[in-house]
Amino acid sequence: MTTTLPYEDSEDFARRADAEDPLRTFRDAFLFPQAPDGKPVVYLAGNSLGLQPRNAARYVQEELEDWAKLGVEGHHQGRHPWLHYHELVTEQAARLVGAKPQEVVVMNTLTVNLHLMMVSFYRPTRGRFKILVEGGAFPSDQYAVASQARFHGYDPREAVLELKPRPGEETLRTEDILATLDQHGHEVALVLLGSVNYLTGQAFDLAAITRTAHSKGCLVGFDLAHGAGNLKLSLHDDGPDFAVWCSYKYLNGGPGSLGGVFVHERHSRSRDIPRFEGWWGHDKTTRFQMGPDFDPIPGAEGWQLSNPPILQLAALRASFELFDKAGMEALRAKSERLTGYLEFLLDKLPPAFVRITTPRDPKQRGAQLSLRFKGEAQGMLKRLSDAGIVCDFRKPDIIRAAPAPLYCNFTDVYRFVKTLEGHARG
Ligand SMILES: *Cc1c(COP(=O)(O)O)cnc(C)c1O
Numbered sequence: 001m002t003t004t005l006p007y008e009d010s011e012d013f014a015r016r017a018d019a020e021d022p023l024r025t026f027r028d029a030f031l032f033p034q035a036p037d038g039k040p041v042v043y044l045a046g047n048s049l050g051l052q053p054r055n056a057a058r059y060v061q062e063e064l065e066d067w068a069k070l071g072v073e074g075h076h077q078g079r080h081p082w083l084h085y086h087e088l089v090t091e092q093a094a095r096l097v098g099a100k101p102q103e104v105v106v107m108n109t110l111t112v113n114l115h116l117m118m119v120s121f122y123r124p125t126r127g128r129f130k131i132l133v134e135g136g137a138f139p140s141d142q143y144a145v146a147s148q149a150r151f152h153g154y155d156p157r158e159a160v161l162e163l164k165p166r167p168g169e170e171t172l173r174t175e176d177i178l179a180t181l182d183q184h185g186h187e188v189a190l191v192l193l194g195s196v197n198y199l200t201g202q203a204f205d206l207a208a209i210t211r212t213a214h215s216k217g218c219l220v221g222f223d224l225a226h227g228a229g230n231l232k233l234s235l236h237d238d239g240p241d242f243a244v245w246c247s248y249k250y251l252n253g254g255p256g257s258l259g260g261v262f263v264h265e266r267h268s269r270s271r272d273i274p275r276f277e278g279w280w281g282h283d284k285t286t287r288f289q290m291g292p293d294f295d296p297i298p299g300a301e302g303w304q305l306s307n308p309p310i311l312q313l314a315a316l317r318a319s320f321e322l323f324d325k326a327g328m329e330a331l332r333a334k335s336e337r338l339t340g341y342l343e344f345l346l347d348k349l350p351p352a353f354v355r356i357t358t359p360r361d362p363k364q365r366g367a368q369l370s371l372r373f374k375g376e377a378q379g380m381l382k383r384l385s386d387a388g389i390v391c392d393f394r395k396p397d398i399i400r401a402a403p404a405p406l407y408c409n410f411t412d413v414y415r416f417v418k419t420l421e422g423h424a425r426g
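Structure, rendered in structure tokens:
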């Protein structure tokens, strides 16, 4: 087993680790962009846009064919009738986030879902109207939160409370998050954190945060954009009220692919939660009676608005099948090992050249390591790209590198760090 080999700074080690990787063949199920030399790139940007599964085109093509052959009849007569098409991914989505199938639905896109969830779970009152977020949250989440506060008549400068690292530190301490909740929880209506911060790569302790927040009477939501398909999640047991995610990052659903929603079972039948309603959330047995009164499907599906985009769902099926075959448990085990190797090699570079800002504790991170460069990070990105290595750059000096365990390997990680090393020494 790979997991027993101590790390070595050598290509030979990387090769051996790949040969012993039980998930090594999954790489062949993906299409890699080509490097300038015509070889597949080293792709470390799966936290931004996952690669295309080979089967995606075939699955999309099937639906195009059914549409061509059947027209409207495809809703019932297709190989995979469109009427129920989104249900094809429900159980897999539930496994990915550690939920019951009734607690999840794949629909819309992330920011849309975040708004829909906040309509239901951000219900401010005079004495309790604040939203607790991580400082430096992804901009879309910041805009969503601020605009929801304004929508309810509050000034975001008062309503939005940001968690900040201690002076001189770059990531949050769990104890500080919990202490903030202890102190301010009574005025917080909603706690909304990423499960992994997009910039620092820090993963939060969802269970501890949820427990403390609930004990203070707050509702809790998580944005799993960088967590889904990356961490082993157990949303049902951790108990947040809702979660949202997108599926084009680690989940390889394709550009702009559908998002997902988790609504905890405890809310599945509540009729007193306000929500924005649409016909796809209506009870399936009576939906087509087209009656005037909304009767929600119990569970997350009740939040659906529209009939979903089938072509995008088709592509997503190809990726979810691979996740199901590999299993999140095995993927996470490989991921910890692979990112650990990245860390091991990076630690051998001069600290004056590059520094890891992501937490060192594997429990507090996923696949991604965020690297802070002393010199010019953007120029480095270009040099990496010329060498056939894809990662991403965030102003002013951060490069994010995420070896996604489904299709990245130890040799990729080795090549990446050796390319950096070439530039560090001259
Ligand atoms: C990627 C990402 C988004 C993107 O939102 P879309 O609505 O899918 O465009 C939002 N929030 C976070 C935290 C992200 O990482």
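The numbering of the sequence shown is the UniProt record's numbering, which starts it at 1 and goes up by one.
All C-beta atoms in this analysis are idealised placements derived from N, C-alpha and C, irrespective of residue type, glycine included.
Please read all numbers here as calculations on a predicted model, not as lab measurements.
Secondary-structure assignment with DSSP links Gly260 through a beta bridge to Val106 and Trp245. Under the three-state reduction of DSSP output, Thr200 falls in the coil class, being neither helix nor strand. Using a 10 angstroms sphere on the CB of Leu192, the tally of other CB atoms reaches 16 or more, which defines it as buried. Considered as a whole, the region 310-364 harbours 354-356 as its complete beta strand (DSSP E) runs of no fewer than 3 residues, in chain order. Leu192 has its CB no nearer than 6 Å to any heavy atom of ligand 1. The shortest CA-to-CA distance from Asn113 to any of Thr174, Asp12, Leu224 and Asp182 is the one to Leu224.
Using a 10 angstroms sphere on the CB of Thr125, the tally of other CB atoms stays under 16, which defines it as exposed. For Glu162, the beta-bridge partners assigned by DSSP are Val133.
In chain order, Tyr250, Gly366 and Ala367 place their CB closer than 6 Å to the CB of Asn230, counting only its own chain and leaving out the 5 sequence neighbours on each side. At least one heavy atom of ligand 1 falls within 6 Å of the beta-carbon of His226.
By the neighbour-count criterion, in which 16 or more other beta carbons inside 10 Å mark a residue as buried, Glu134 falls on the buried side. Distance from Lys130 to Ala189 at the Cβ level is roughly 6 Å; contact confirmed, criterion being Cβ atoms closer than 8 Å. Here Val145 carries a helix assignment [DSSP, helix/strand/coil]. Annotation: Gly254 to Val60 spans about 12 Å, alpha carbon to alpha carbon. Distance check between Gly98 and each of Phe353, Gln148 and Gly239 places Gly239 closest, using alpha-carbon atoms only. CA-CA distance, Ala377 to Pro359, rounds to 20 Å. Taking C-beta separations shorter than 7 Å and ignoring five residues to either side along the sequence, the partners of Pro156 in its chain run Ala146, Ala149 and Arg150, following chain order. Annotation for Ser140 indicates a beta carbon within 6 Å of some heavy atom of ligand 1.
If you ignore the 5 residues before and after His75, its C-beta comes within less than 7 Å of the C-beta of Pro81, Trp82 and Leu83, all in its own chain and listed in chain order. Here Tyr414 is near Ala14, since their CB atoms are less than 7 Å apart.
Unbroken alpha helix (DSSP H) runs of no fewer than 4 residues, entirely contained in the region 183-234, are found at 206-215, following chain order. Counting along the chain, Asp392 sits inside the beta strand (DSSP E) bounded by residues Asp392 to Arg394. With respect to the 7 Å criterion, Val119 and Phe276 are classified as neighbours on the basis of their beta carbons. For Tyr43, the secondary structure class from DSSP, reduced to helix, strand or coil, is strand.
For the pair Val263 and Gly227, the CB atoms are not nearer than the 7 Å cut-off. DSSP places Arg15 inside the alpha helix (DSSP H), whose first and last residues are Glu11 to Ala19.
A distance below 6 Å between beta-carbons, with the five flanking residues on each side excluded, links Asp392 to the following residues of its chain, in chain order: Ala45, Ser48 and Arg400.
When DSSP reads this structure, Phe276 sits in no beta bridge, so it has no partner. One thing to note: Gly38 has its Cβ no nearer than 7 Å to the Cβ of Asn252. If you ignore the 5 residues before and after Ala424, its C-beta comes within less than 8 Å of the C-beta of Leu349, Pro350, Phe353 and Val354, all in its own chain and listed in chain order.
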